[in-house]
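In what follows, a structure is listed as structure tokens, so that the remarks can point back to it.
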Amino acid sequence: MKISFFGAAKEVTGSKHLLEANGKKILLDCGMFQGNRKESKRKNEELLFNPAELDMIVLSHAHIDHTGLLPYMTKNGFKGQIICTYATKDLCQFMLQDSAYIQEREVEFMNRHKQELGSEPIEPLYSAEDATEALSMFHGVAYHERIQLFPGIWLTYFDAGHILGSAMIYLEIDDEEEGGKRKTLTFSGDIGRKGLPILRDPEYISETDFLIMETTYGNRFHKFVDDIDDKFEELVKETIAKGGKIIIPAFALERTQEVVYHLNSLRQQGRIPELPIYVDSPLAVNVTSVFKKHPECFDESTNKEFILNEKNPFGFGMLTYIKDVADSKALNDKKGPMIIISASGMMEHGRVLHHLRNNIEDERNLIMVVGYQAEHTLGRKILRGDPIVKIFGKEHRVRAKVAVLDAFSGHGDRSDLLDFVEHIKDPQKIFFVHGEESQGLTFLNILNEVGFDSDMMHTPNLGESFQL
Ligand SMILES: [Zn+2]
Ligand SMILES: [Zn+2]
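Residue numbers (this note's numbering): 786 to 1253.
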């Protein structure tokens, strides 16, 4: 059998790995490349495989860098099933439609510009109809349920503790090329952190011959999760004293719910005063409704709050969810202090751009960064302290305070990743993906230091294949 890496190779986005075994082609994840617009557009369009030849797609979780190209697959002739956990299936209903909407809107904007210049209009990567078709092929599977995908190929999902519905893909393959010899392959997807609120901790895999694992923070140690509340409290109070607004750009999926969860717990403990909190993102509103449907994914304490105490950690007095554009615009005229949580998380598109444009030049305000900011994104520029940034093509001076709550990461750090690998008995080969090159290479060296042979470890290049 053979594995080829068609995305998230020496970078974070575009997760796509093709397994060829027993005459079948199974794509693990179908993520979109994000970040630098021109380059990611080209990489998304120029696939290194033919979607019509795929027999099946198996997903790790609902983030767009793992699922965002599914509608592009159906547009280009993919006819097989798309396998994922039940919560991932429900989340993708909203995530993929939202992604199609973003594609269509962006092209609309560019075409208006092209028309002025008299050049040919371009087409979106895919449309809402392509997304609807992809969604009709989804098939949900429970955690720990062992299912047969094809003759001699079985799948079991384990909890990855990263976002709602996130899973590690564990495959057992009776390899026909070697007379039916049993081989096991694990794809970690994105590995979460232990002790995060809401979700259960990531599970360990005790044995696998081959491992494909993420290395987003292969060379970084996180702050303790407990620090979140202290710093959050301090920043909120400081901004309230100035009468400013707090803008929190957050991924609609998971990060928004985590931020809301922490704010709720701070106000319940009386550590922050009651102040208006707005979740301004139609996608976040929809995604929060999926959380309410899947308490089976929650950890014990969230489950207790939700089920036994009938308290909803995602809904309380001063919290308003905003779907309507008019209500979103009305926030501009409201005086602070207030908190606005809005997408997108890397400040590349969505309503958060309007809030940034309106608030970034006022020194009373705070921009609170709570998520990973990929290279070349507006978020990365603001985070690294650029004094002037462009929003909707216009330059703005950054006068608002910029603060980072980096303890929020949904990815395990170096010690979590090391702990994960050390629980596996005798792996034969390990592939490091989903991390900028320096992260993957440093993590490889660290494993080498603790006794893993460097010959068995690889940081594959885009398009590289390995016989397993
Ligand atoms: Zn993810
Ligand atoms: Zn990811």
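We put the CB at the ideal spot given by N, CA and C, even for glycine.
Supposed close pair residue i, residue j - CB separation, criterion 8 Å
i, j, result
"Thr-873", "Glu-918", "Their Cβ separation, rounded to whole angstroms, is 18 Å, which puts Thr-873 and Glu-918 out of contact at 8 Å."
"Ser-1113", "Arg-1136", "6 Å"
"His-1047", "Ile-887", "The pair is not a contact, with the Cβ atoms about 27 Å apart (cut-off 8 Å)."
"Ile-940", "Ile-954", "The question names Ile, but residue 940 is Leu in the sequence shown. Going by Cβ atoms, the distance from Leu-940 to Ile-954 rounds to 7 Å, so yes, they are a contact pair."
"Ala-1159", "Val-797", "6 Å"
"Ser-951", "Gly-974", "6 Å"
"Ile-849", "Met-998", "With 8 Å as the limit, Ile-849 and Met-998 do not qualify as a contact, their Cβ atoms being about 20 Å apart."
"Leu-1138", "Met-1131", "The pair is not a contact, with the Cβ atoms about 11 Å apart (cut-off 8 Å)."
"Glu-1043", "Ile-1092", "That pair is no contact at about 19 Å."
"Ser-800", "Asp-814", "4 Å"
"Ile-1031", "Thr-1024", "5 Å"
"Leu-970", "Asp-994", "7 Å"
"Tyr-911", "Pro-856", "4 Å"
"Ala-837", "Phe-863", "6 Å"
"Ala-806", "Asp-960", "6 Å"
"Leu-949", "Glu-1039", "6 Å"
"Val-1072", "Val-1064", "That pair is no contact at about 10 Å."
Local conformation of residue i per DSSP, three classes
i, result
"Val-953", "In the sequence as presented, Val is not what sits at residue 953; that position holds Met. Residue state, collapsed to three classes: strand."
"Tyr-1106", "strand"
"Leu-967", "Contrary to the premise, residue 967 reads as Arg rather than Leu in this sequence. It is a strand residue."
"Val-1044", "helix"
"Phe-879", "helix"
"Ile-842", "strand"
"His-851", "helix"
"Tyr-928", "coil"
"Thr-941", "strand"
"His-898", "helix"
"Ile-958", "strand"
"Asp-1065", "strand"
"Glu-1059", "coil"
"Val-1206", "helix"
"Glu-805", "strand"
"Gln-866", "strand"
"Ser-1250", "strand"
"His-1139", "helix"
"Leu-833", "coil"
"Lys-795", "coil"
"Met-1255", "Only positions 786 to 1253 of the chain appear in the structure, and residue 1255 is not among them; the question remains open."
"Ser-789", "strand"
"Gln-933", "strand"
"Ile-1124", "strand"
"Ile-948", "coil"
"Leu-1232", "helix"
"Met-922", "coil"
"Ile-1258", "Residue 1258 lies beyond the residue range present for the chain, which begins at 786 and ends at 1253; the question has no answer from this structure."
Residue environment, residue i, which counts as buried when at least 16 other CB atoms sit within 10 Å
i, result
"Glu-908", "exposed"
"Asn-835", "exposed"
"Tyr-989", "exposed"
"Ser-991", "exposed"
"Asp-1240", "exposed"
"Lys-1089", "exposed"
"Phe-1177", "exposed"
"Pro-1058", "exposed"
"Asn-1049", "buried"
"Ile-1173", "exposed"
"Ser-1086", "exposed"
"Leu-1163", "buried"
"Val-1235", "exposed"
"Arg-985", "buried"
"Arg-1182", "exposed"
"Ile-932", "exposed"
"Pro-1122", "buried"
"Lys-795", "buried"
"Asp-1201", "buried"
"Lys-1077", "exposed"
"Ser-921", "exposed"
"Gln-1224", "buried"
"Gln-1267", "The question about residue 1267 has no answer here: the residues shown for the chain are numbered 786 through 1253."
"His-967", "Per the sequence shown, residue 967 should be read as Arg rather than His. Exposed, since its Cβ has fewer than 16 Cβ neighbours within 10 Å."
Residue i: CB within 8 Å of a non-hydrogen atom of ligand 3
i, result
"Val-797", "Absence of ligand 3 from the depicted structure is noted, with ligand 1 and ligand 2 being the only ligands included."
Original post:
What are the uninterrupted segments assigned as beta strand (DSSP E) that are 3 or more residues long and contained completely in the segment 1149-1197, given in chain order?
Top reply: Listed in chain order, the beta strand (DSSP E) elements of length 3 or more contained wholly in the segment 1149-1197 are 1151-1154, 1173-1176, 1179-1182, 1186-1189.
**OP:** At 3 residues or longer, and completely inside the segment 977-1033: list those beta strand (DSSP E) runs for me, N to C.
**Re:** Within the segment 977-1033, the complete beta strand (DSSP E) runs of at least 3 residues are 995-999.
**OP:** Under 5 Å from any heavy atom of ligand 1, by CB: list those residues in chain order, please.
**Re:** With the cut-off at 5 Å, the residues found are His-848, Asp-975.
Subject >> Minimum length 3: unbroken beta strand (DSSP E) runs contained in the segment 1070-1119 >> reply: Counting whole runs of 3 or more residues, the segment 1070-1119 contains the beta strand (DSSP E) stretches 1104-1107.
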